[in-house]
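Protein chains in written order, with our numbering: chain E, 32 to 722; chain Z, 32 to 722. See below for the structure under consideration.
Number of protein chains: 2
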Amino acid sequence: MDAELKEILKDFPAGPLSDYRKNASFNWKDMCLLMQGKDALILKHKIWSTLEKDPAFAHHATKPTLKETRLLTLQRAQKLAAYNFMPAKNLLGKPEMLDTVVMAIGQHDWSAIVKLQLLYNFVISALYGMGTERHFQEIQRLMRREIGACFCLTEIGHGTNTKAMRTTATFDIKTQEFVFHTPDFQAAKCWAGNLGETATHAVVFATLFTSGENHGLHAFFIQIRDINTLENLPGVSIGDMGEKLGLNGVDNGVMLFDQFRVPRTALLNRTGDVSESGVYVSPFKDKKKRLGASLGTLSAGRVGIASMATANLIKAVTVGIRYSAVRRQFGPEDSNVELPVLEYQLQQWRLFPYLGAAYVLMQFTRSFRSDFINMQRAMMSKEDPDRLASVGAEIHAISSCAKPLSSWLAQQGVQECREACGGHGYLAVSGLGQVREDNDANCTYEGDNNVLLQQSANWLLNLWSLVQRRQSIASYTPLGSAIYLDSAESILKSKCKLDAPHHWLEPQALLDAYQFAVCHLLRSTANRMQQLMDQKMDAFTAKNQAQAYYYRPLSIAYGETLFLMRMMRILNDPNISEQLRAVLKSLTALFGATNLMKHLSALTQGGYFQSNTSAALQTAIEQLCEKLKPDAVALVDAVAPSDFALNSALGHSDGQVYRHLEKHMASSMKSRPDWWQQVVAQQPLKNTSHL
Amino acid sequence: MDAELKEILKDFPAGPLSDYRKNASFNWKDMCLLMQGKDALILKHKIWSTLEKDPAFAHHATKPTLKETRLLTLQRAQKLAAYNFMPAKNLLGKPEMLDTVVMAIGQHDWSAIVKLQLLYNFVISALYGMGTERHFQEIQRLMRREIGACFCLTEIGHGTNTKAMRTTATFDIKTQEFVFHTPDFQAAKCWAGNLGETATHAVVFATLFTSGENHGLHAFFIQIRDINTLENLPGVSIGDMGEKLGLNGVDNGVMLFDQFRVPRTALLNRTGDVSESGVYVSPFKDKKKRLGASLGTLSAGRVGIASMATANLIKAVTVGIRYSAVRRQFGPEDSNVELPVLEYQLQQWRLFPYLGAAYVLMQFTRSFRSDFINMQRAMMSKEDPDRLASVGAEIHAISSCAKPLSSWLAQQGVQECREACGGHGYLAVSGLGQVREDNDANCTYEGDNNVLLQQSANWLLNLWSLVQRRQSIASYTPLGSAIYLDSAESILKSKCKLDAPHHWLEPQALLDAYQFAVCHLLRSTANRMQQLMDQKMDAFTAKNQAQAYYYRPLSIAYGETLFLMRMMRILNDPNISEQLRAVLKSLTALFGATNLMKHLSALTQGGYFQSNTSAALQTAIEQLCEKLKPDAVALVDAVAPSDFALNSALGHSDGQVYRHLEKHMASSMKSRPDWWQQVVAQQPLKNTSHL
């Protein structure tokens, strides 16, 4: 290992975690390199050590007020801009490093990096994607940070249904301007980050009208505030959405227009334009396709959210597992020594599947990010358009289930870790509250999880119609995420013969079962739709009637199958050591087995599982937990953020849980509360009372 | 309906919820009376309307700081004491009304009522339970509120394992005092509410020593702060535990003793005493039993937590369902009208099982509270001690699963409702954040959920040994919660023949399946334990190895079965109207069916379910959702707290979601942020940068 890495991957100090660390079956530093890569490790180290030295990034003993949080986040975002951890020139060769930067900063403070990304990068991408040469100057101004912007799509009364947006932009040929108008509060643009208190400019989606004709939703880049005074421009009303359940550093805003005029050139005119003479022109004949092309630039968001959720889950399992290795409770009756709670099967069963999920998601998000970057490169080089269209559709299908699954895994994992840390997990210094609050947004923005899942199922159903006609679907799944559908016929005829626990220690067995579940759910969904349509139900209604037990579990099973498939790439890599392979195999099997249990109804209804198959699977899960116990701490060490970024008294790498708690509480030991007189002054009441 | 009730149960104003209300199959006012009772309705109305008029209970636009929250909570607790909503004289005849008061205040602000209860009532009960005549004076002082106290059991390093507590109280015969000492920070008493900044006195559990002999854990009532200055007494160090994930109005503290002396009479000496001559005497020979008798006074806490969780779940489903009835998204392709999201199967499937849970838990907690009160009465009148012991053991078994199940249902229900409200659910004004944060504590205190569950299984396993010896267990389950175990043999031989969805619309079918699941899991658990012990495993280890797939699901199934059994009491009540019975039947079936799906592995492994049974069950769930759709809003109306207590822009009973949101955001529309110059002042940077 070279010197730079040696400096980063330092041995841990001796302490309460030493025993587990000594007993690990593998070298955590090797695992760290395998799962994260040298470049990312060096970059993360640089980021965390820089922020740790900067007082603007210091942790606060108690939660600042909303106002303080907003100001602090602005200052941090400005500092981050100045640090410039990933200069544009470095990004070209290694675009995936942008993810690394976002995750590393986010593990310390999501609000700051989200604010910064939204203020500049997100809008710059949007202008590149939807604008033309005439917007290049605005891109330059954003890059020089002369202006900051926000992205306004959602309205108060409409989120997912973009077609129902009601803000209008009407072309006035006399003045060569668009007139923006908001009919009522329900049509107000909202949720845009930085709109509330910061942005001077905005990408705004509005329904475009020329001479009374509706051309559908279009994007514009407009100024909304005075650059020098930050006052709203006349005709623009902007409000702040107020406190949220998390991410409170980001100022989400609401905006209404009152006959507000912007120049004709504000229209982001790549997919549709209005000429000086007021004529609407578009290369797209079909409105739906034109809007799709505009919104396509948003899919990057979902790819990013899967990584954000993964970063959150890593923090949670780090806290949950390190604390469980230190915390002792009960022990054998003939002994005075209490056992670390990590020794208990129930604690392992609660935590280890999420440790597995963290690893599986790390591998998935890394490989999926690379698919996404390849697609972007291919788009620039204008490769085979048919293949590109297939890749685009598949990436959409994958991101539409990967974002829900990863954000839910993080949500549930954080909650389980919180509970697994008992009372001390409920202290703010556990660090788990902030992770839960911030992660929760991942379940909703960029497409509500449950609504998004439908997209993946739609794509699969399209493939299924080909399968039914005995056509190969290979060219429609260039990334291979559904390639096994080509064998659906034989898969659906197969029956599971694995009735001993040891069979289920093999990820391949789980993958086989998962592929059966997907095929079965896909066939059932198609059949159910046919059945409902045969009852003269319209497609809209039929689809809605088939969500809970068809579309939804189908998309989930497809996504989880893909997670396993991607993890197999590491397991089958001849270059990794047997130590690493062995532990990763167990971790993958545990993740697969615990999640497969949720598809029991599909597996039994489809005839794949016999009545006792699940018993073998359960025993395998017990065995995998036991097997992973000595490795859990080292597995966490290999992916944990720095102690500074983790910021948890329970999850600190030195394992000195009680010292950190003592330090935290000692500061309050010296004084009575400011309001002590109010306690003392209370006069005894005459009546005795129970309430 | 009498005039007083008419005044309380007012018709709702016309608005976005009117259509659903008109289409309900039953009268919500009748349901309201059935589920809550006249007395409780009147009392709740009095509480909410009183608090609404009192500025001290006004809602805050943004979250106060920790310091502000603490002071506000103190003031509110003092006000509540003065309001005296349930005078002692009224409590005698209707002790169950105390629950009503706590729940009604808690639906507005948990911290305030928890603080008040802990400061006086909880400690008064403890003194009654564990003290003797000589502590009567202290009870009087507490009742007069001359002093306020806290309850110190948990230590920093030990929660559940009470036997491992390390704070000591050593009797000094010379001065007739106990000397309290804390060896190190891990032995510090902690988590006690009001200890941090308020209490002058404390019930403290410590290991009692006389002349070097250890007599185990005992409770003492001691003074810890000066009554006039609120300064710590010399020898006592008290700290504040700091910010938590919720319930931040309550000042949880940490306390260390340094050779701190208290009079001999501080010992709460009902179950053990030290004479002036330094001799330890106890009516209990067995230390374990003595401690059990002391800690027994705590079981009321778990009964109360089940009600608290229910109150939280009611708030969440009120918000989730009312908002879903107002919020519109998409619609049939040939129509311009968008549908309320409540029309979608997926939304129903996500929300209605929690609506069912709210009703089932309301009925359960009410009936269980009445069991508990009956037990307390029987204890006072010293009825048949054998029966009392059986009742006590059964109540312990029930509370040990009811508290986990109800707190988890609330936790999961709040999360589902939050997500089901989309982005707006993430706004603080949704009200869901506060409920989630406060409810989370219910999963942990008074016994961690997962640890507690083991207690119910232990009790069932004891019964099982009788069943195996073909003895009737009837006298061991005087409340009937496990009475069906007497038929275990025939239950275990039965096979489910219900393969059509309509079969599963009947709660009785679900109850049968549930009882099979309990019997099967009980037999499997006993067999598994035997198997492990046959492998020479000690009992401690064997039990730990049988948690995830035996003890845990067994306790859960037993608890859920009991919930259904209690709900059947209403369904079988000949006095209720057919309208109410019909909708409650569907609600109960939906609750039972969705939760039964989690026990699929037990039902298939046990041979009760055939491979396709779960398909019928799933279709039944779809049908029940559809059936309940027109009634969902009215079902919520019948249990919702007042709009003031609910405090949710999304869940207000007028359904004017967008008006409430507008009002909330309008206040921020007038001004730029204080720190606007910091946005403007930022100089453009020389380098373009992507981060």
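Cβ atoms here follow ideal geometry from the backbone N, Cα and C, with glycine treated the same way. Note that the structure is predicted; figures quoted are calculated from it, not measured.
Contact set for LEU276(E): own chain, Cβ-Cβ below 7 Å, skip 5 residues either direction: Counting only Cβ-Cβ distances below 7 Å, and skipping sequence neighbours, we find GLU468 and ASP471.
Buried versus exposed call for SER512(E) [16 or more other C-beta atoms within 10 Å across all chains shown]: Here SER512(E) is buried, its C-beta having at least 16 other C-beta atoms within 10 Å.
Proximity below 7 Å, CB of ALA633(Z) to CB of ALA651(Z): No, they are not a contact pair.
Closer than 7 Å at the beta carbon, the chain E residues around LEU458(Z): Contact note: LEU458(Z) reaches chain E through MET272, GLY273 and LYS275, using a C-beta cutoff of 7 Å and chain order.
The stretch 665-674 of chain E / the stretch 232-249 of chain Z touching (three or more Cβ pairs under 8 Å): Output reads no: the stretch 232-249 of chain Z does not touch the stretch 665-674 of chain E.
Residue burial classification, PHE167(E) (beta-carbon count within 10 angstroms, cutoff 16): Counting other Cβ atoms within 10 Å of its Cβ, PHE167(E) stays below 16 and is therefore classed as exposed.
Positions along the stretch 80-100 of chain Z whose CB lies within less than 8 Å of some CB in chain E: Listed by position along the chain: ALA92, THR93, LYS94, THR96, LEU97 and LYS98.
Spatial neighbours of LEU593(Z) in its chain, beta-carbon cut-off 6 Å, leaving aside the 5 residues before and after: Cβ within range, chain order: SER512.
Any C-beta of chain E under 7 Å from that of LEU48(Z): LEU48(Z) does not count as touching chain E.
Beta-carbon proximity of ALA297(E) to ALA441(E), cut-off 7 Å: No, the Cβ-Cβ distance between ALA297(E) and ALA441(E) is not below 7 Å.
Identity of the residue in ALA45(E), ILE345(E), ASN259(E) and LEU248(E) nearest ASN300(E) by Cα: Of the residues ALA45(E), ILE345(E), ASN259(E) and LEU248(E), the one whose Cα lies closest to the Cα of ASN300(E) is LEU248(E).
Coil, strand or helix - MET117(Z) by DSSP: MET117(Z) sits in coil when the DSSP states are folded into three classes, being neither helix nor strand.
Buried versus exposed, by CB contacts within 10 Å (16 or more), ARG397(E): That one is buried.
Alpha helix (DSSP H) runs wholly inside the stretch 307-375 of chain Z, at least 4 long, in chain order: Within the stretch 307-375 of chain Z, the complete alpha helix (DSSP H) runs of at least 4 residues are 318-326 and 330-357.
7 Å Cβ cutoff, MET696(E) in contact with chain Z: Residue contact with chain Z for MET696(E): present (Cβ-Cβ distance below 7 Å to some residue of chain Z).
Proximity below 7 Å, CB of VAL293(E) to CB of ILE253(E): Going by C-beta atoms, VAL293(E) is nearer than 7 Å to ILE253(E).
Test: GLU520(E) CB closer than 7 Å to a CB of chain Z: Judged by the 7 Å Cβ criterion, GLU520(E) is not in contact with chain Z.
Straight-line Cα distance separating ASN558(E) from ALA573(E): Annotation: ALA573(E) to ASN558(E) spans about 11 Å, alpha carbon to alpha carbon.
Three-state secondary structure (DSSP) of ASP304(E): If DSSP states are grouped into helix, strand and coil, ASP304(E) belongs with the strands.
Spatial distance of PRO538(E) from THR201(E) (CA atoms): Their backbone Cα atoms lie some 58 Å apart in a straight line.
Among ALA531(E), LEU541(E) and HIS427(E), nearest to LEU644(E) - alpha-carbon criterion: Reading off the sequence shown, one finds Thr at residue 644(E), where the question assumed Leu. When only C-alpha atoms are compared, the closest one is ALA531(E).
Reference ILE136(E); option with closest CA among ALA697(E), TRP79(E) and ALA113(E): Selected option, being the one with the closest Cα: TRP79(E).
Limits of the unbroken beta strand (DSSP E) element including LEU419(E): DSSP places LEU419(E) in no beta strand (DSSP E) but in the uninterrupted alpha helix (DSSP H) bounded by 416-451.
Sheet register partners of CYS221(E) (DSSP bridge): Answer is VAL285(E).
Assigned secondary structure, GLN254(E) (DSSP; H/G/I helix, E/B strand, else coil): Note: GLN254(E) maps to strand in three-state DSSP.
Chain-ordered residues of the stretch 152-175 of chain Z with a beta carbon less than 9 Å from chain E: Within the stretch 152-175 of chain Z, the residues whose Cβ lies closer than 9 Å to some Cβ of chain E are ASN152, ILE155, GLN171, ARG172, MET174 and ARG175, listed in chain order.
Cutoff 7 Å: THR719(E) Cβ touching any chain Z Cβ: Because THR719(E) carries a pLDDT of 43, less than 50, the predicted location of this residue cannot be relied on, and the following value inherits that uncertainty. Closer than 7 Å: yes.
Cut-off 7 Å between Cβ atoms - residues of its own chain near LYS37(E), not counting five sequence neighbours on either side: Same-chain partners within the cutoff: there are none.
Close beta carbons around VAL133(E), own chain, < 8 Å, minus the five adjacent residues each side: Apart from sequence neighbours up to five positions away, the residues of its chain that approach VAL133(E) with a beta-carbon distance below 8 Å are ILE144, GLN148, GLY335, SER338 and MET339, ordered along the chain.
Close-in-space but distant-in-sequence residues of the same chain around ILE170(Z) (CB under 6 Å, 5 per side omitted): Closer than 6 Å at Cβ, skipping near neighbours: ILE155 and LEU158.
In DSSP terms, what SER268(Z) is bridged to: DSSP, once it has assigned bridges, lists LEU287(Z) as partnering SER268(Z).
Where ASN718(E) sits in the DSSP three-state scheme: Only weak support exists for where ASN718(E) lies, its pLDDT of 43 falling under 50; the value from the coordinates is given anyway. Coil.
Chain E residues whose Cβ lies nearer than 8 Å to that of CYS474(Z): Simply GLU450.
Opening and closing residue of the beta strand (DSSP E) in which GLU208(Z) lies: Where GLU208(Z) is concerned, the enclosing beta strand (DSSP E) stretches over 208-212.
Test: GLN610(E) CB closer than 7 Å to a CB of chain Z: No, GLN610(E) does not count as interfacial toward chain Z.
Any chain E beta carbon closer than 7 Å to LEU722(Z): Any reading at LEU722(Z) must be qualified, since the residue scores a pLDDT of 48, below 50, and its modelled position is unreliable; no value is offered.
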